[in-house]
Amino acid sequence: MPIDEELEAAIREQQRRMLDRWPDGTVCLFPRQRANVSGNLPLADGTYRRMLGRWLETCEVRDEHGRPVHLTPHQWRHTFACRLINRDVPQEVVRVLLDHDSHKMTSHYAKITDQTVRRHWEQATKVNIKGERVVLDPDGPLGQAQWAKTRYGIATQTLPNGYCGLPVQKTCPHANACLTCPVFLTGPEFLPELREQRTRTLTLIDNAKSCGHSRMTEMNQQVADNLDRMIGEMEEGHGEGEETADAG
Numbered sequence: 005m006p007i008d009e010e011l012e013a014a015i016r017e018q019q020r021r022m023l024d025r026w027p028d029g030t031v032c033l034f035p036r037q038r039a040n041v042s043g044n045l046p047l048a049d050g051t052y053r054r055m056l057g058r059w060l061e062t063c064e065v066r067d068e069h070g071r072p073v074h075l076t077p078h079q080w081r082h083t084f085a086c087r088l089i090n091r092d093v094p095q096e097v098v099r100v101l102l103d104h105d106s107h108k109m110t111s112h113y114a115k116i117t118d119q120t121v122r123r124h125w126e127q128a129t130k131v132n133i134k135g136e137r138v139v140l141d142p143d144g145p146l147g148q149a150q151w152a153k154t155r156y157g158i159a160t161q162t163l164p165n166g167y168c169g170l171p172v173q174k175t176c177p178h179a180n181a182c183l184t185c186p187v188f189l190t191g192p193e194f195l196p197e198l199r200e201q202r203t204r205t206l207t208l209i210d211n212a213k214s215c216g217h218s219r220m221t222e223m224n225q226q227v228a229d230n231l232d233r234m235i236g237e238m239e240e241g242h243g244e245g246e247e248t249a250d251a252g
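In the working numbering, the protein residues as written are 5 to 252.
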């Protein structure tokens, strides 16, 4: 188990104190203080818990609601494992340090914080329409909008092979332009793509409604309505005589 210099110094000081009490040495870092002539009996679990409770009371440790914090010894282990995970330590290394028999046990601790997720997201490659790599200012309005959509599953509008990167406060004259264009033509050969985009659009509408984003709902509703009409007409008229619309 790797430790830092400060912890090493604290452990050595504790060992020195134990040698003063038991000159022949002891196998325990924290031996039981009573009825322990050899010094080889460890501190009882209940005694440690009571000492931890008194320490928390003395330090007046409280949670975000101002209530006294209740900690268990196992929570130290949990905190240690989560810190390692969020410092990008490989899960296999964490498993070895925790002496776990399987990765399944270690995965219980693999709780990645929002800050860690965002850091990795900011490092990911983003490409614009020209194939150019785009670097977003994490604190800028576009960076914040992109992160919100990535983190919370909220995108402004669906596109055939991506999502619109414009902040929701802005209006884009190009978003899904073909699906709202009077000269746009499609046919049964495109039904799979149209159905897939309809599903994605309806999902965005549901997410937007549940989050109270009325503007985002409106932006996608016209696209969904047009997709419904096109898909419905092709499914109904497929294999039958069809009336043709003048696209000119």
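The C-beta atom is built at its ideal place from N, Cα and C for all residues, glycine as well.
As the structure is a prediction and not an experimental result, all values here were calculated from the model.
Self-check item: The alpha helix (DSSP H) enclosing Thr30, as first and last residue numbers
Solution: Per DSSP, Thr30 belongs to no alpha helix (DSSP H) and is neither H nor E.
CB-CB length for Pro192 against Met238, believed under 8 Å: 5 Å
Task: Which listed residue (Thr190, Val31, Gln79) has its alpha carbon closest to that of Gln19 - done: Val31
message: Run through the DSSP bridge pairs and tell me what Arg66 is partnered with.
response: Pro72
Would you tell me roughly how many angstroms separate the C-alpha atoms of Asp28 and Leu56, rounded to the nearest one? 28 Å
task: Out of Asp105, Ala85, Lys108, point me to the one whose CA is closest to Val98's CA.
output: Ala85
If you follow the alpha helix (DSSP H) that Pro192 is in, where does it begin and where does it stop? That residue, Pro192, is in no alpha helix (DSSP H); it is neither H nor E in DSSP.
DSSP three-state assignment for Pro6, whether helix, strand or coil
coil
Just how far apart, CA to CA, sit Ala39 and Arg16? 24 Å
**Request:** Would you grab the beta carbon distance between Ile73 and Arg66 for me? Rounded to a whole angstrom, and I think it's under 8 Å.
**Result:** As written in the sequence, residue 73 is Val, which differs from the Ile given in the question. At roughly 6 Å, the Cβ-Cβ gap stays under 8 Å, so Val73 and Arg66 are in contact.
Whose C-beta lies closer than 8 Å to the C-beta of Thr51 among residues of the same chain, with five residues either side of it excluded? The beta carbon of Thr51 sits closer than 8 Å to those of Arg36, all from its chain and outside the five residues before and after it, given in chain order.
Measure the alpha-carbon distance for Asp24 versus Leu47 and round it to whole angstroms.
-> Cα to Cα, the separation comes out at about 17 Å.
Same chain, Cβ closer than 8 Å to Leu206, five either side skipped, listed in chain order:
Ala228
Among Lys213, Thr190, Thr83, which one has its Cα closest to the Cα of Asn230?
-> Thr190
Among the candidates Asp232, Leu75, Lys213, whose CA atom is the shortest distance from the CA of Arg202?
Asp232
*Would Thr83 be called buried (16 or more neighbouring beta carbons within 10 Å of its own) or exposed?*
exposed
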